[in-house]
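Student: Take a look at this one; I'll ask things after.
Chains as they are written, first to last, in the numbering used here: chain A, 2 to 176; chain B, 472 to 574; chain C, 6 to 505; chain D, 912 to 1527.
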């Protein structure tokens, strides 16, 4: 197995992530997010998780991003929003968060360095959907149920929040 | 040795997580903050996948599934809230005005 | 002896009765009569206890014990020695001015007022009797809460702040004491394997010097806040100033004495070695209290604050006596506590009456009251003179004995203490001069359409008796002196003496 | 029988005081007088009875001991309320009750119209009782009861007319200044009690005689001296006495001339073996006496208030007594104490009679030429003045002062010279007063008349002031030694007399003084007011002691106290509370509701947790 795809996908993912958080126009950011997710799918593939890679593409890059796109469309953003966004992204704003993020990065890196050296096999053996499926519906069936509950609550709450959106705020409070 | 080692994948996850955090902290637009959170979730997912690869265990991908469903639910609810706020007269989606709980 | 718990239950029950009698709203003074009856019954009960006590069979005079929480070694154990008896009598005597003079004039909800007053008295009685540390702590807290409500409900203009300050200081220090109690119990358990809160058992705990010092400090700080010792006295002036008259009397007269009692019973007797090592610091604190209290007392314009700071000064002598390390000092401290209770209690009655009549405590707005209120003023003069330690009054006996005991340990401390006596003359006479003597204040007499009422027979009788007690204490203190030496903690009393 | 009489002498005035206080103003003037003066008169009668019995058959031990009850008895210390009658207390008892009775009788007339007369007599009788306790006590601690008791009575009586702030302040000052001395004395008592375990005077003196070092006598003597100085208004604690003249005149006569201020003299005489064991203390006593007598005489020379003249003269005369004590002439000190009680009480009362008739004016320059209007008072005052000046042969003051001068000569001729200078000044100032008040032109027309209740005591005291000295005479004149003989069991035989020219000097100097006074202030040369200069102003204000104490002690103390009125400790505790509150507010600011900030805190926390986690 070659390590070239992994490195390529990793570089793309990192660059795409940085592009996502620096875009002034949400749609651009979304596009970079798609790039990020796709390259992450590649990384997964390289790590021997084809099932996860597929899910990443289908659900994330597919369903979730579409959700985002719909919302951006409904928000009806324009030039003024972009200008305001630029204004919000003045260089000074970045200092504090950047320091914090760098600190976190450093801390995590040191943690990684402090891990004991890997004693496992050098070669990666792909883990197919079958193994995942057996695991899911074996010992982890309860968490599957939980996940389904979570999705259900997400659905219900999204529906509730989003319903009656034409009326004013007070209307929902009464509901 | 192979470059696609779980350790390097973890390094990538770390970088992504820090980038996502940077986005959450620096951006005032709720939509962008939500996207940054997606990045962070993905970083966590990547860490799980890498760990699964390291130990040859399927649990990593199981956890990925969990994170996936969590991200989906979170995106759904978050976007609904954004829409709601927008509809209630907050067209700028400024997170810093979120402390005004009233619409 | 079953009378000991009765001494605690009686005021509590009387208080409830007073409260209930007020609820009927038939006669407004009914609850007052109930309270007076309770106090009288208490005095009778104490007389009976004194008469039937187990004289001549060792230092402990009466005992009571009943199981309470056996699993934790907690018992409702009470023992009375001479010291307890003296303090109980002081409590009983001072409840009379509290109830007869002050509680009569309570405007709103007199029933609740009487309930709280009597509950505090019940707690104080318990503190003076309990020989189980858990029970002691229970009573210690019991006497604080009603007092807090008293101040909060019937206090003067700045009562919220004062009440909270009082509560924080005393409760915080009480917590420290609880920690010390638990520490002692745990150390005792480590040493002997028995969990008990019994005073006499805990007194025999073998302790490392460091541990003993730490535990002793826990107790010391709790009682030092109550006494009060100087850096910890800050709650006292505010509380005394803002409390209703009965509250001030009770606070100054008895509540502070629980601090002195605790220092004797639970610091010096429970940790003798640690207390001896700590004595130089305590003596210095005592002298600091004497001088600092007197100095600040001199600078006050508010009459009640002046008296409050003078309390700080007087109770410095108590600390001095307790830690002088000799029985003489201990006896002097007890006499000083009794005399201070009587004289300062009476002074607070007078300050309270002045506030009722003139609606101010500010001495800048008084002056020349003697013409309008000759009785009140002469009584005030008497107690001011008593408080400056004139020989022949109780205060002098206490001060002299504590100073004598201190002189044996450290003459410089005793000399500084006598400087405090000079200052006490200064502030007492300044108070008298500013409030009672001199030309009448411009704002008074002329503009007040009815002149303020002077003390009537009721007040004069009660205060006259207090004066007589002070004089007797000053000229013939021997009974109190004989009683006042506390029984040693190691002399375990017999569970039930031959005389029940 | 005598053992019962002794306490009764104290009990009568005490009882009277009790009745007068309890009646609380319900008594009118006449019963108050009867109770007040009557009780002291009864005491005086009993005292006379006791004295004759004592003189006729002295007790074998030299003193009559009555133990009343045990006051305090604790480990290592015990004290009793106990009385003892020995020659010294006998003399004092007679002075206190006798002069006291005369003054109270006088007060009946003087205070007749005062609405608070019951309170006045209550305080006066209480004072007499306390003074008797002081005199009788055979235990230093019960003596201390009387000691402080007379102090508080003095306070009450100086401030008797309490509507005037000045009186109240003067009373307070008197009590506090003496209280400073009392504190020193208390320290002395504490020291003695610690060292000896008892404060019984006889026991203490026994220890002094056997092993004086046990008592740390130097420290003890100086501490007790502090108390005596304050009580007897000697330098440097003398500032209270002139201000104490704010009280009614009988008070000045009884307390601040005849009895209380001599308590210091009594104390030192009572404990004379202790002082004799400490020569530096003796020197100090003598020097203090000399300095005081000169300074006070100087002040008296320039005063214009008649009562202040007498006050300074009292200080000066007590200075003589201290000088006598310091030179070991104990009999002389007590003799002068007695004669001084006679003539100074007389002077005060005569001055009071004058003041009453010139509408409560006290400035001598506003009087003038009063002799024709009130010849009886003039005669009385003249008798007192002559005795004070010590005019030879005829007056009591001459004999007692002569004895003191003899003692001073024996100790140190310089002391003698100083005392003689003082005698010269004394004659000048008192006759200045006589000439200005009673001779010359009249500035105020006197009204009224001096009643019998006031005249009789004046007459009695005038006789005593003149004839009282005949109980003790120098051998050169007549070998009469009644007092020395009486006191000899205590003090031993007095010293031999010096050369006879001492007597001549002592007789001529006062006469010279009177002559000088006549030259300066005889009616024809009387100036309206003397020209002021700096020294006169300084002397009039008591040589600046007041100002000194005020700037050095009182003001800084008060100012600092005012600054700290709200209690720095309290402020500290408030500051703690404020800090807690500010901290809470700061933390509540963190709850801003801004999502990004929360996220930031979460991230920061994560970083911290990670840093803590990776630390091995």
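Every residue gets a Cβ at the ideal spot worked out from N, C-alpha and C, and that includes glycine.
Whose C-alpha, out of D/968, D/1501, D/1010 and D/972, is nearest the C-alpha of residue 1373 of chain D?
Tutor: Taking the fourth chain and counting its residues from 1, the one referred to as residue 1373 of chain D is at position 462. Among D/968, D/1501, D/1010 and D/972, the Cα nearest to that of residue 1373 of chain D is on D/1010.
Student: CB-CB under 7 Å to residue 581 of chain B, same chain, minus the five flanking residues each way: which ones, in chain order?
Tutor: Outside the shown range of chain B (472 to 574) lies residue 581 of chain B, about which nothing can therefore be said.
Student: If the cut is a Cβ gap below 8 Å, which residues of chain A does residue 524 of chain B touch?
Tutor: Here residue 524 of chain B corresponds to residue number 53 of the second chain, with the count starting at 1. Here the neighbours are 48, 49, 50, 125 and 128.
Student: Note down, in chain order, every chain D residue with its Cβ under 7 Å from the Cβ of residue 533 of chain B.
Tutor: Along the second chain, read from residue 1 onward, the residue named residue 533 of chain B stands at position 62. Here the premise fails: no neighbours, minimum Cβ distance about 25 Å.
Student: Look at residue 188 of chain C and residue 220 of chain C and say whether their C-beta atoms are less than 8 Å apart.
Tutor: Walking along the third chain from the start, residue 188 of chain C turns up at place 183. Walking along the third chain from the start, residue 220 of chain C turns up at place 215. Contact flag set, yes.
Student: Taking the beta carbon of residue 77 of chain A as the centre, do at least 16 other beta carbons fall within 10 Å, making it buried, or is it exposed?
Tutor: Locating residue 77 of chain A in the first chain gives position 76, where the first residue counts as 1. Exposed, because fewer than 16 other Cβ atoms sit within 10 Å of the Cβ of residue 77 of chain A.
Student: Using 8 Å as the limit for Cβ to Cβ distance, is residue 1513 of chain D near chain A?
Tutor: The residue labelled residue 1513 of chain D in the question sits at position 602 within the fourth chain. No - not a single Cβ of chain A is within 8 Å of the one on residue 1513 of chain D.
Student: Is it right to say residue 18 of chain A is buried, meaning 16 or more other beta carbons lie within 10 angstroms of its own, or is it exposed?
Tutor: Here residue 18 of chain A refers to the residue found at position 17 when the first chain is read from its first residue. It is buried - the Cβ of residue 18 of chain A has at least 16 other Cβ atoms within 10 Å.
Student: Pull the bridge partners of residue 79 of chain C from the DSSP assignment, please.
Tutor: To locate residue 79 of chain C, count along the third chain from 1; it is residue 74. According to DSSP, which records beta bridges pairwise, residue 79 of chain C is partnered with C/74.
Student: Go to residue 992 of chain D, then tell me how far its alpha helix (DSSP H) extends in each direction, as first and last residue.
Tutor: As a working mapping, residue 992 of chain D is identified with position 81 in the fourth chain. That residue, residue 992 of chain D, is in no alpha helix (DSSP H); its beta strand (DSSP E) goes 988–996.
Student: Going by C-alpha to C-alpha distance, which of D/984, D/1469 and D/1502 sits closest to residue 303 of chain C?
Tutor: Within the third chain, the letter at position 298 stands for residue 303 of chain C. The residue with the shortest Cα to Cα distance from residue 303 of chain C is D/1469.
Student: I'd like the list of long-range same chain contacts for residue 307 of chain C, defined as Cβ closer than 7 Å, with 5 residues on each side in sequence excluded.
Tutor: Translated into the one-based positions of the third chain, residue 307 of chain C becomes position 302. Once the five neighbours on either side are set aside, the close Cβ partners of residue 307 of chain C are 246, 366 and 367.
Student: Can you tell me whether residue 384 of chain C is buried or exposed, with buried defined as 16 or more other CB within 10 angstroms of its CB?
Tutor: The sequence position of residue 384 of chain C within the third chain is 379, counting from 1. Its Cβ being crowded by 16 or more others within 10 Å, residue 384 of chain C is buried.
Student: Counting only Cβ pairs nearer than 7 Å, list the residues of chain D close to residue 111 of chain A.
Tutor: Position 110 of the first chain holds residue 111 of chain A. Correct list: 1525.
Student: Express the C-alpha separation of residue 156 of chain A and residue 160 of chain C in angstroms, rounding to a whole number.
Tutor: Position 155 of the third chain, counted from the start, is the residue given in the question as residue 160 of chain C. Position 155 of the first chain, counted from the start, is the residue given in the question as residue 156 of chain A. Near 59 Å, if we compare the C-alpha coordinates of residue 156 of chain A and residue 160 of chain C.
Student: Thinking residue 1278 of chain D and residue 1269 of chain D are a contact (beta carbons under 8 Å), I'd like their distance in whole angstroms, please.
Tutor: By one-based count along the fourth chain, residue 1278 of chain D stands at place 367. By one-based count along the fourth chain, residue 1269 of chain D stands at place 358. Sure, about 6 Å apart at Cβ, within 8 Å.
Student: By how many angstroms is the C-alpha of residue 532 of chain B removed from the C-alpha of residue 14 of chain A?
Tutor: Position 13 of the first chain holds residue 14 of chain A. Position 61 of the second chain holds residue 532 of chain B. When rounded, the distance between both Cα atoms is 19 Å.
Student: Do you know offhand how far residue 407 of chain C's Cα is from residue 1106 of chain D's?
Tutor: The residue given as residue 407 of chain C occupies position 402 in the third chain. The residue given as residue 1106 of chain D occupies position 195 in the fourth chain. Rounded to whole angstroms, residue 407 of chain C to residue 1106 of chain D spans 16 Å at the Cα level.
Student: Does chain B have any CB closer than 8 Å to the CB of residue 1507 of chain D?
Tutor: Numbered from 1 along the fourth chain, position 596 holds the residue referred to as residue 1507 of chain D. Yes - at least one Cβ of chain B is within 8 Å of the one on residue 1507 of chain D.
Student: On the DSSP bridge list, what partners appear for residue 135 of chain C?
Tutor: Along the third chain, one-based indexing puts residue 135 of chain C at 130. Beta-bridge pairing links residue 135 of chain C to C/83.
Student: Could you tell me whether any Cβ in chain A is nearer than 8 Å to the Cβ of residue 501 of chain B?
Tutor: Taking the second chain and counting its residues from 1, the one referred to as residue 501 of chain B is at position 30. No, residue 501 of chain B lies away from the interface with chain A (no Cβ there is under 8 Å from its Cβ).
Student: Is residue 306 of chain C helix, strand or coil by DSSP?
Tutor: Taking the third chain and counting its residues from 1, the one referred to as residue 306 of chain C is at position 301. The answer is coil: DSSP assigns residue 306 of chain C none of H, G, I, E or B.
Student: Return the chain-ordered list of same chain residues with a C-beta closer than 6 Å to the C-beta of residue 225 of chain C, the five sequence neighbours on each side being excluded.
Tutor: By one-based count along the third chain, residue 225 of chain C stands at place 220. Answer for residue 225 of chain C: 272, listed in chain order.
Student: In the DSSP output, which residue or residues are listed as bridge partners for residue 67 of chain C?
Tutor: The sequence position of residue 67 of chain C within the third chain is 62, counting from 1. The partner list for residue 67 of chain C (beta bridge, DSSP) reads C/85.
Student: Report buried or exposed for residue 546 of chain B, applying the criterion of at least 16 other Cβ atoms within 10 angstroms of its Cβ.
Tutor: Taking the second chain and counting its residues from 1, the one referred to as residue 546 of chain B is at position 75. Per the 10 Å Cβ criterion, buried.
Student: Classify residue 68 of chain C as buried or exposed, calling it buried when 16 or more other Cβ atoms lie within 10 Å of its own Cβ.
Tutor: Translated into positions along the third chain, residue 68 of chain C becomes position 63. It counts as buried.
Student: According to the Cβ coordinates, are residue 1113 of chain D and residue 1048 of chain D closer than 8 Å?
Tutor: Here residue 1113 of chain D refers to the residue found at position 202 of the fourth chain. Here residue 1048 of chain D refers to the residue found at position 137 of the fourth chain. Cβ distance not < 8 Å, so residue 1113 of chain D and residue 1048 of chain D don't count as in contact.
Student: Is it buried or exposed for residue 143 of chain A, if we count other Cβ within 10 angstroms and need 16 for buried?
Tutor: By one-based count along the first chain, residue 143 of chain A stands at place 142. The residue is exposed, with fewer than 16 neighbouring Cβ atoms inside 10 Å.
Student: Taking Cβ-Cβ distances shorter than 7 Å, what residues in chain D pair up with residue 104 of chain A?
Tutor: Position 103 of the first chain, counted from the start, is the residue given in the question as residue 104 of chain A. Neighbours of residue 104 of chain A on chain D, chain order: 1518.
Student: Residues of chain D with CB under 9 Å from residue 342 of chain C, in chain order?
Tutor: Reading the third chain from its first residue, position 337 is the one you call residue 342 of chain C. None at all; the shortest Cβ gap to chain D is about 16 Å.
Student: Compare the Cα-Cα distances from residue 1183 of chain D to each of D/1120, D/1143, D/1229 and D/1168 and report the closest residue.
Tutor: For the purposes of this step, residue 1183 of chain D is taken as the residue at position 272 of the fourth chain. Among D/1120, D/1143, D/1229 and D/1168, the Cα nearest to that of residue 1183 of chain D belongs to D/1120.
Student: Is it buried or exposed, residue 451 of chain C, if we count other Cβ atoms within 10 angstroms and call 16 or more buried?
Tutor: Translated into the one-based positions of the third chain, residue 451 of chain C becomes position 446. Residue confidence for residue 451 of chain C is low, a pLDDT of 49 falling below 50, so the modelled location carries little weight; the figure read from the coordinates is stated next. Per the 10 Å Cβ criterion, exposed.
Student: Only counting the same chain, and skipping five residues up and downstream in sequence, which positions put a Cβ closer than 7 Å to that of residue 480 of chain C?
Tutor: Counting from 1 along the third chain, the entry for residue 480 of chain C is found at position 475. Within the same chain, residue 480 of chain C has close Cβ partners 397.
Student: Kindly say whether residue 126 of chain C, judged by its beta-carbon, lies nearer than 8 Å to any beta-carbon of chain D.
Tutor: Numbered from its first residue, the third chain carries residue 126 of chain C at position 121. So no, residue 126 of chain C is outside the interface.
Student: Between A/9, A/60 and A/21, which has its C-alpha nearest residue 44 of chain A's C-alpha?
Tutor: The residue given as residue 44 of chain A occupies position 43 in the first chain. Among A/9, A/60 and A/21, the Cα nearest to that of residue 44 of chain A is on A/9.
Student: For chain C, is any of its Cβ atoms less than 8 Å away from the one on residue 1528 of chain D?
Tutor: The question about residue 1528 of chain D has no answer, for chain D in this structure spans 912 to 1527.
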